[in-house]
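Contents: one structure, followed by commentary.
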Ligand SMILES: Nc1nc2c(ncn2[C@@H]2O[C@H](COP(=O)(O)OP(=O)(O)O)[C@@H](O)[C@H]2O)c(=O)[nH]1
Ligand SMILES: [Mg+2]
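Residue numbers (our numbering): 8 to 702.
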């Protein structure tokens, strides 16, 4: 594929909600660039980008794939990210490798929350953004309405660069505001294009758009603005310069259009990316820091600088092993050299290097500053690690993966496979750090926390394929607490005095409730030696053990004050063990008399949904015993804050997605413990008793 200099590289990611047409756009670009000689189809499972087994089966992108093509003297690294919220981790890491985010919008569906999320994430990384409205060959397209929606959502600086001529079935032409020409694409889906003169109406439309672009270009730079004021316009060179600056600085967001399925609009897109798409040299100054220190280091994108590269993705391929996707930010990576992994603090020998196009790899002897490629068989380098020069160590920020939104408990289909699950999932974590695996000691459950059902299914399929462990998902237990509302006294008597040395201990305890969060308090109020002092700690111990195991429903007891105020003992038969047991019995006996109460964890839930789903979402929240704390409008969205018991939040992210066609999102954080309503408590207690009887 030849060598390119840094300024000849364009790295961009395709983002947007699932099914918006990203993978098909990548396929169309590759076809028009001549990388392929046949257009793959999602439905036929033969696109370059969706090449892994699960993606073909499910007809959707699951991981980001890297494809590469050459346009004139430019190399394009195209990162096709998955759109479903389950795979948001891939989006976050992809953002770390690119210089521009290309948001793909379905020309008949329009803008969606997926775009807003990707837009915000790109903004966090200071990445320039542009839109491509695809699928304009479909029935019921709405190009103008979508431009309006994008302006509403992202501001008036969303600027169309071209527009469809007769969108809908048979769509093959676009008008361009940059050249004031029309472009007609071949019907054989090769992407071949012929230029034509626009009709008077279309020309007027193109001129109007061009005037807006000209203004935006001028406003991007003080010098250009002066020329613009002076002369009333910019010449072509000044116009292009202003456009490039404005885009690189995210002053405005250009919109292009076409159709992936029929390879319409690609030449215009390619030309645009080459001329105005930021090269790695245009990105804002990247900052790292010295390992083990707060000292900041500026990273200049230049091949002559010491090497700095970031591993943004890891894939385990059969027969190949771990393949590390790397973005080089400074210097270069040469085959066979030694680098330093600043995240792991160890050396790493670099073997073969590749450029990627889907599953195809093309060997290269180096990757220069600005380029993206892969390495194989690194010793101990994983996603999120920084590779650098040993003598110029620098660490790039770790990838901030989103917090999990859904959890499930895992149980092996075959008993005894628990360890295998943990080993397998820990290995998969190197590929996908967007999930967490937690062995919950209190609940004795293995909990998987991640981004959604698809995410879980996907992980469990991999676990089965690679590690031959089958797993079922079950509802995680809720960490309830037991406590009391009243005060009561009781006797605890342990007596076994038949034959040999007996056991004897009697205690009298009083239980009182403590303010919430105060915990357990033990008061020794024995007077006159009713129980010898050496047995008192045993009573305390017996009570603590009982509290851990719970009394009425098997959950830990909290916020109780216990006063040991009397007792009986026997000179020979009393022992620590006897008093421990007596303590336990006394505590249990008093506890049930104190109007026992269950406490449940309450989560602070923040739900963001488009207005039209408000009714459904609120109704659903109240059926989940949610207490609405507030509501606030945010553009076309409503943000609802509510407190909801954890017990009712099981699979919430999934329900919300289906209730809102994937447009609703929710975050939840633990807030506090609260009383469980009586009828719910009765059910939990009954379940506990039933379970105990079964044992
Ligand atoms: N008519 C039409 N359908 C398209 C176009 N692009 C994609 N599709 C279809 O839309 C669906 C989703 O496309 P895909 O590229 O997988 O979307 P992604 O999830 O954003 O990658 C598939 O059924 C495609 O065949 C297009 O330009 N025109
Ligand atoms: Mg896709």
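Beta carbons: idealized from backbone N, C-alpha and C, even for Gly.
Residue environment, residue i, which counts as buried when at least 16 other CB atoms sit within 10 Å
i: residue 677; result: exposed
i: residue 491; result: buried
i: residue 293; result: buried
i: residue 683; result: buried
i: residue 18; result: buried
i: residue 363; result: buried
i: residue 8; result: Note that residue 8 scores a pLDDT of 49, beneath 50, so its modelled location is shaky; the value from the coordinates is reported in the next line. Classification of residue 8: exposed, given that the 10 Å Cβ count is below 16.
i: residue 704; result: Given that the chain is displayed from residue 8 to residue 702, the structure contains no residue 704 and the question cannot be resolved.
i: residue 638; result: exposed
i: residue 153; result: buried
i: residue 696; result: exposed
Paired residues, beta bridge with residue i - DSSP
i: residue 19; result: 85, 107
i: residue 328; result: 324
i: residue 138; result: 110, 262
i: residue 382; result: 331, 360
i: residue 674; result: 613
i: residue 77; result: 82
i: residue 318; result: 333
i: residue 399; result: 396
i: residue 652; result: 609
i: residue 368; result: 363
i: residue 682; result: 606
i: residue 312; result: None, per the DSSP bridge assignment.
Proximity of residue i and residue j at Cβ, strictly below 8 Å
i: residue 137; j: residue 260; result: yes
i: residue 560; j: residue 489; result: yes
i: residue 185; j: residue 266; result: no
i: residue 33; j: residue 74; result: yes
i: residue 530; j: residue 568; result: yes
i: residue 249; j: residue 213; result: no
i: residue 681; j: residue 628; result: no
i: residue 339; j: residue 371; result: no
i: residue 437; j: residue 321; result: yes
i: residue 196; j: residue 269; result: yes
i: residue 643; j: residue 617; result: yes
i: residue 380; j: residue 361; result: yes
i: residue 502; j: residue 511; result: yes
i: residue 112; j: residue 29; result: no
i: residue 129; j: residue 21; result: no
i: residue 518; j: residue 553; result: no
i: residue 66; j: residue 47; result: no
i: residue 441; j: residue 95; result: yes
Secondary structure of residue i, DSSP reduced to three states
i: residue 8; result: For residue 8, the predicted structure reports a pLDDT of 49, less than 50, and the residue's modelled location is therefore unreliable. A value from the coordinates is still provided. If DSSP states are grouped into helix, strand and coil, residue 8 belongs with coil.
i: residue 99; result: helix
i: residue 24; result: coil
i: residue 447; result: strand
i: residue 29; result: helix
i: residue 373; result: strand
i: residue 410; result: coil
i: residue 94; result: helix
i: residue 437; result: coil
i: residue 168; result: coil
i: residue 345; result: strand
i: residue 659; result: helix
i: residue 699; result: helix
i: residue 452; result: strand
i: residue 665; result: helix
i: residue 37; result: helix
i: residue 193; result: coil
i: residue 222; result: helix
i: residue 55; result: coil
i: residue 351; result: coil
i: residue 203; result: strand
i: residue 42; result: coil
i: residue 305; result: strand
Interface flag, residue i vs chain D, CB-CB below 8 Å
i: residue 169; result: Here chain D cannot be found, since the structure has a single protein chain.
Any non-hydrogen atom of ligand 3 within 7 Å of residue i CB
i: residue 28; result: This structure lacks ligand 3; the ligands present are ligand 1 and ligand 2.
Can you check the stretch 468-517 for any beta strand (DSSP E) of at least 3 residues that lies completely inside it and give the ranges in chain order? 478-481, 488-491, 495-503
Suppose only complete runs of 4+ residues qualify. What are the alpha helix (DSSP H) ranges in the stretch 600-647, listed by chain order? 621-630
Enumerate, from N- to C-terminal direction, the unbroken alpha helix (DSSP H) stretches of 4 or more residues contained entirely within the stretch 224-294. 229-238, 243-255, 273-282
Write down every uninterrupted run of the alpha helix (DSSP H) in the stretch 523-568 whose length is 4 residues or greater and which is fully enclosed by it, in chain order. 543-556
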